[in-house]
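Chains as they are written, first to last, in the UniProt record's numbering: chain A, 1 to 221; chain B, 1 to 221; chain C, 1 to 221; chain D, 1 to 221.
Every residue gets a Cβ at the ideal spot worked out from N, C-alpha and C, and that includes glycine.
In this text, all values refer to a predicted model and were calculated from it rather than measured experimentally.
There are 4 protein chains.
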Amino acid sequence: SDIKSVLFWRDVLVEVLATAILLIWITFSFVTFNPEHYQPNTTTLGLLVGMVVFILIEALGPYSGCHMNPAVTLGFFLNGHLSIARAILYTIAQCAGGAGGSALVYALTPSSRHHMFHAILPHPEVALAQAVGHECIFTFLLVFTALFLTLPNRKSVNPGFPLGFCVGTSIMSAGTFSGSTLNPVVALGPAVISRNFQDYWVYWVGPMTGSLIAFLLFKAI
Amino acid sequence: SDIKSVLFWRDVLVEVLATAILLIWITFSFVTFNPEHYQPNTTTLGLLVGMVVFILIEALGPYSGCHMNPAVTLGFFLNGHLSIARAILYTIAQCAGGAGGSALVYALTPSSRHHMFHAILPHPEVALAQAVGHECIFTFLLVFTALFLTLPNRKSVNPGFPLGFCVGTSIMSAGTFSGSTLNPVVALGPAVISRNFQDYWVYWVGPMTGSLIAFLLFKAI
Amino acid sequence: SDIKSVLFWRDVLVEVLATAILLIWITFSFVTFNPEHYQPNTTTLGLLVGMVVFILIEALGPYSGCHMNPAVTLGFFLNGHLSIARAILYTIAQCAGGAGGSALVYALTPSSRHHMFHAILPHPEVALAQAVGHECIFTFLLVFTALFLTLPNRKSVNPGFPLGFCVGTSIMSAGTFSGSTLNPVVALGPAVISRNFQDYWVYWVGPMTGSLIAFLLFKAI
Amino acid sequence: SDIKSVLFWRDVLVEVLATAILLIWITFSFVTFNPEHYQPNTTTLGLLVGMVVFILIEALGPYSGCHMNPAVTLGFFLNGHLSIARAILYTIAQCAGGAGGSALVYALTPSSRHHMFHAILPHPEVALAQAVGHECIFTFLLVFTALFLTLPNRKSVNPGFPLGFCVGTSIMSAGTFSGSTLNPVVALGPAVISRNFQDYWVYWVGPMTGSLIAFLLFKAI
């Protein structure tokens, strides 16, 4: 019944839009390298992505929840915030938005920079099992924090700050190891435009496992 | 009738003042380069401009709305927040304030640094149509977010954070490509003191189009 | 009697969890060095640790208080917020969580990077008495601020910001001198995995003394 | 009569304490240079000083107002918030706290670093009249914003953010030109320990003039 309402589809479109914006902001950082003014590093990326997450949660959170992330959707689904139909559609919407956002950046980038697009990959020194562990731990804190913010007595907290900071600090702390996506869709956009899905499963297994652990520990406390 | 009131002209002067302060803070960054202590980069500029936007919205927002930006004024005009007379006067006030702020920095800068003033221009590798696209997308999110913050149930949100973050993240993400002004007036001040209006139309067409799209999408949701 | 309740042990486990997360985020920064994307510096570390403190206080503060720090626990114990049994168990929990968090990072780090783990030590030019003084002053402000935030008329303040900023600014200001841990447990995790407890007492004497002075001055005002 | 109360003297001591802490955090940055981990720059200093100002206003603002700055005290005195006796004593307290804070850092610094203490001076290329203008403009925005935050309908705003951001953005924007102290006492501490009062008057004339202009413009709006 939920699936037949206008609000359901509005919320799905909000997820497409929010995830597209998130990926536009992130993907631009791959190609705007300029020795004098911008050199990509995880400090800047952490601040950048954390602030974009804040903006989108503040602007669009009251509609769909502004998950922008299948792992967050999984956590809220397990905790009973949304139906299975909504969870599946949100996940599809996020994948579409993420791939679309990165594709739009591709169109807006001079061809002289196209070689700078690249997939998000674990660092060569890091074993895949370790990369899964990194993604799992960092996503754990994100979903764990998000679940606490849904408790009735926490409603007054400005949710964009703790959630944006979760993403930002994860990138600053270990972004050079696993990429610190915390999100299969963040890895999807760059993978699509660089046509490189090597080790891409890491960014599903790690975040989804982290979300599951976050739900279990949240319930235990 | 609005135009005859004292409050109307006070609000116009507030726009002059706020835009002048915004441009003073930004324009100083062009000439204070110092290899040991300050090297201009889009991370610092993003933080700097985002925080100045926050301050001005918090201090002066309750008077004129503290738009400081013809694209923001367009979005609020389309959404019925202000009259056509007020929108036109705000735009003129913003241009005057922006040019005046940059001119004040010129007067306060040693002549040995005058060669460091420069217009904000798209990166040579970026096609003008792409630069218009960049300005359009980033301004879209700014105006889109600003419109949501006017909804009655959002009044409690501290508006300086999401709006300051919109400006800051845009500069961090693609500042080296189009300049990420999101605002014709931010490009105006540097253009006036460096007497270089090359490609200046980009900073009107991009932001105004982004504002129009933001209004249309806001209405659709 | 407190010690027999379920809530008591839940709060102790929350301290284990929160301190472990804090040390996971910090310890990763030791080994993720990458010349292009991440170079460890006290600006990034200050932002990173400040934001993690914010997240944890927002998510878990309503349970145990989320001290994550024996010096903070001492200050709240002196001010009558918790029993001696709770204070002792919290301190043990924090030590266990801190060591466990760092050990988890060790397991998730490629062996090619294991040599990069190192104890937090005062800078060789700094006398140990000076390092104690640094830790004492910076912890003083942290505990002093935390005590003010418990006053009935301050409840509305979002406590993660001032407390996260205390930690962040201390690292930025003098992190290269004493390490600016403000916390015996932050030094414990790295000491355990690098098996180097040289001068480790500095990180107990300095913060605990700072906490005592903060309590005395708070009472005087 | 105010001068005979206990609260009056408590507030004066709070100004001593707050200004001392502000100068401890700032002065440490002069000597903790370390090529690998900390290189002084105005981005870090802006973030650092802005966050310290935030902490102190949140913790101690409800007592003395936590001015920490004779220019802020002047603005509030002109606007009728405090008596002439309180304004004079606050100014003396701020000078004593600032000099004392810097002296404490001197005592906690290895003698091998004592040569790194230096007075805050205008950049050699900047004329003194220009440096006065810089200090005047940046202090103007600080006091202007502070006065708006005292309006009855603004009480809910968290004052540490706009005021901390005023200080932080001023340092980022033009810190390498005039020093962007916005505050005679910030220049006093370093001047005392380096025994160099050259051009020190700039840091009184600029900020006090800026405060006067802020008061006049605030009254006009």
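Which first and last residues belong to the alpha helix (DSSP H) in which residue i is found?
i	result
residue 201(D)	Neither: residue 201(D) is in no alpha helix (DSSP H) and is coded neither H nor E.
residue 38(D)	Premise fails: residue 38(D) is in no alpha helix (DSSP H) and is neither H nor E.
residue 172(A)	160-178
residue 8(B)	6-31
residue 189(D)	184-194
Ordered along the chain, which non-local residues of its own chain (more than five positions away) have a Cβ less than 8 Å from that of residue i?
i	result
residue 84(C)	77
residue 163(C)	53, 54, 57, 142, 145, 146 and 149
residue 2(A)	8, 83, 85 and 86
residue 91(D)	70 and 73
residue 174(B)	134, 138 and 180
residue 154(A)	148
How would you list, in chain order, the residues of chain B whose beta-carbon sits under 8 Å from the beta-carbon of residue i?
i	result
residue 213(A)	Under the 8 Å cutoff, chain B gives no residues; its nearest Cβ is about 30 Å from residue 213(A).
residue 43(D)	38, 43, 44 and 47
residue 162(D)	54, 55, 58, 59 and 160
residue 137(D)	24, 104 and 108
Just to confirm my understanding: we take residue i, look at its own chain, exclude 5 residues before and 5 after, and list those with CB closer than 6 Å. What are they?
i	result
residue 119(D)	190, 191, 194 and 196
residue 177(A)	123, 126 and 134
residue 206(B)	132, 135 and 136
residue 14(C)	60, 63 and 64
residue 16(B)	93, 96 and 97
residue 225(D)	The displayed coordinates of chain D run from 1 to 221. Any statement about residue 225(D) would go beyond what the structure contains.
residue 198(B)	none
In chain A, which residues lie less than 9 Å from residue i when you measure between Cβ atoms?
i	result
residue 143(B)	Correct list: empty, because the minimum Cβ distance to chain A is about 11 Å.
Identify the contact partners of residue i in chain C, using a Cβ-Cβ distance below 8 Å as the criterion.
i	result
residue 125(A)	110, 112 and 113
residue 171(D)	The contacting residues do not exist; residue 171(D) stays about 13 Å from chain C at best.
residue 21(D)	141
residue 10(D)	221
Please compile the residues from chain C whose C-beta is within a distance smaller than 9 Å of the C-beta of residue i.
i	result
residue 130(A)	107, 108, 109 and 110
residue 26(A)	Ordered by position in chain C, no residue passes the 9 Å Cβ test against residue 26(A), which lies about 14 Å from the chain.
Listing by chain order, which chain D residues have their CB less than 9 Å from the CB of residue i?
i	result
residue 63(B)	221
residue 176(C)	32, 33, 34, 36, 37 and 38
residue 29(B)	172, 173 and 174
residue 223(C)	Absent from the model: residue 223(C). The displayed extent of chain C is 1 to 221, so no value can be given.
residue 148(C)	58, 59, 60 and 62
Which chain D residues are close to residue i, counting only those with a beta carbon under 8 Å from its beta carbon?
i	result
residue 166(C)	55
Once the 5 residues before and after residue i are set aside, which same chain residues still bring their CB inside 7 Å of it?
i	result
residue 29(D)	40, 45 and 48
residue 33(A)	39, 40 and 116
residue 172(C)	42, 43 and 46
residue 26(C)	49 and 186
residue 161(A)	54
residue 214(D)	75, 140, 143, 144 and 147
residue 158(C)	none
residue 102(D)	23, 27, 189, 190, 192 and 193
Chain B partners of residue i, CB-CB under 7 Å?
i	result
residue 208(A)	Correct list: empty, because the minimum Cβ distance to chain B is about 27 Å.
residue 189(D)	The premise fails here: residue 189(D) is roughly 19 Å from chain B at the closest Cβ pair, so nothing lies under 7 Å.
residue 51(A)	165, 168 and 169
When you measure from the CB of residue i to every non-hydrogen atom of the ligand ZN, does any distance come out below 7 Å?
i	result
residue 75(A)	The model depicted lacks the ligand ZN and carries no ligand whatsoever.
Just to make sure I have the definition right: I need the residues of chain G whose C-beta is within less than 9 Å of the C-beta of residue i. Which are they?
i	result
residue 14(A)	Absent from the structure is chain G; the protein chains it does hold are A, B, C and D.
Whose Cβ in chain C lies nearer than 7 Å to the Cβ of residue i?
i	result
residue 179(A)	Near residue 179(A) there are no residues of chain C at all, since even the closest Cβ is about 10 Å away, more than 7 Å.
Quick one: list the residues of chain D neighbouring residue i, beta-carbon separation under 7 Å, in chain order.
i	result
residue 117(C)	In chain order: nothing, as chain D lies at least about 16 Å away.
May I ask you to verify whether the stretch 15-25 of chain C touches the stretch 107-114 of chain A, counting CB pairs closer than 8 Å and requiring at least 3? no
contact_flag[the stretch 119-130 of chain C, the stretch 128-147 of chain D] where n(CB pairs < 8 Å) is 3 or more: no
How about the stretch 52-61 of chain C and the stretch 187-207 of chain C: do they share at least three Cβ pairs that are nearer than 8 Å? no
Mind pulling the alpha helix (DSSP H) runs of 4 or more residues that sit fully within the stretch 74-147 of chain B? 84-107
Flag this pair as touching only if the stretch 171-185 of chain C and the stretch 91-101 of chain D have three or more C-beta atom pairs under 8 Å; answer yes or no. no
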